[in-house]
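Chains as they are written, first to last, in UniProt numbering: chain A, 1 to 149; chain B, 1 to 149.
What follows is the structure, given as structure tokens:
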């Protein structure tokens, strides 16, 4: 059977969110939360616009998904995010008890894997989905930013 | 010279916030952010009311302080929080580059010290200020909650 709703399908949507961030001059990271293959949250990094270090794509997605569901636990949900979550977002995902995390590019320096952030024991995590595209938009952003300064 | 604005003075204010959380049926943790001994944010845990695992006292305090200052970095600020920050809040404090963290009670199980959350290299942290009072209100909350269920 053809399965149109795979990880690549939803990561493409997260990448569209990253592009929206890029267009606003924000570090381009995008996130999607799904439940039973239905998108219930789509967000992107807004730290510059909101002047708020807590406004990462994942944080907003957790808040939006909980709001949609009317409950704060996301056990049945999957997060798609273009960049491996940081300690803050990993910590928030721990509290949310999210079912699954799918990330695109690794963040070797500040990602939750390198920094050993503890996830909920029931949370599965897979990475590397469209990693090249997810990484490329970040590289492009930082090169452009350097050239403007 | 008498110094009325010491860590105990501000931790008492954080404890008042914890009491506000308690009165609403929220896990009683309170936070204050100061700059040059002036309170610029006072918040308490609102995870139940907002149905949002990200609504810890510290997260709201970071957002409120940045909003007050008009900039997202809190290098000159001190956070007073009644309970040792978790991974999420520790991660947010990392991004905020906050100058100093003063906590009351240790969180041996889920605190950022036990879990090894990385703070900004310039952030100082001290703990144990009014630890007993900060811990007592939490114990009282959980005992009461158990008795109600």
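Virtual Cβ for every residue (Gly too), placed ideally from N, Cα, C.
Query	Result
Chain-order list of residues whose beta-carbon lies under 6 Å from that of residue 62 (chain A) (same chain, five-residue window excluded)	92, 96
Whole beta strand (DSSP E) elements within the UniProt domain "CMP/dCMP-type deaminase" (5-115) of chain A, 3-residue minimum	30-35, 38-44, 77-83, 100-105
Whole-angstrom C-beta distance between residue 25 (chain A) and residue 48 (chain A), which should lie under 8 Å	6 Å
CA nearest to the CA of residue 136 (chain B), picked from B:104, B:72, B:59, B:123	B:104
Cutoff 6 Å; reference residue 100 (chain B); Cβ partners in own chain excluding five residues on either side	78, 124
Interface positions of the segment 118-130 of chain B facing chain A (Cβ-Cβ less than 7 Å), listed along the chain	118
Residue 115 (chain A) at chain B interface by Cβ criterion, 7 Å	yes
Where the alpha helix (DSSP H) containing residue 122 (chain A) begins and where it ends	Element bounds for residue 122 (chain A): n/a, residue is neither H nor E.
As assigned by DSSP and simplified to three states, the class of residue 148 (chain A)	helix
Beta-carbon contacts of residue 17 (chain A) that lie in its chain and below 6 Å, excluding the five residues immediately before and after	30, 42, 44
Residue 81 (chain B) burial status per 10 Å Cβ neighbour count (16 or more: buried)	buried
Residue 22 (chain B) vs residue 141 (chain B) beta-carbon contact at 7 Å	yes
Proximity test, Cβ basis, 7 Å: residue 20 (chain A) and chain B	no
Inter-residue spacing [alpha-carbon to alpha-carbon] between residue 15 (chain A) and residue 38 (chain A)	17 Å
Whole-number beta carbon distance between residue 132 (chain B) and residue 113 (chain B), since they are thought to touch under 8 Å	The Cβ separation is near 18 Å, so there is no contact.
Proximal residues to residue 27 (chain A) (C-beta, below 6 Å), its chain only, five neighbours per side dropped	45
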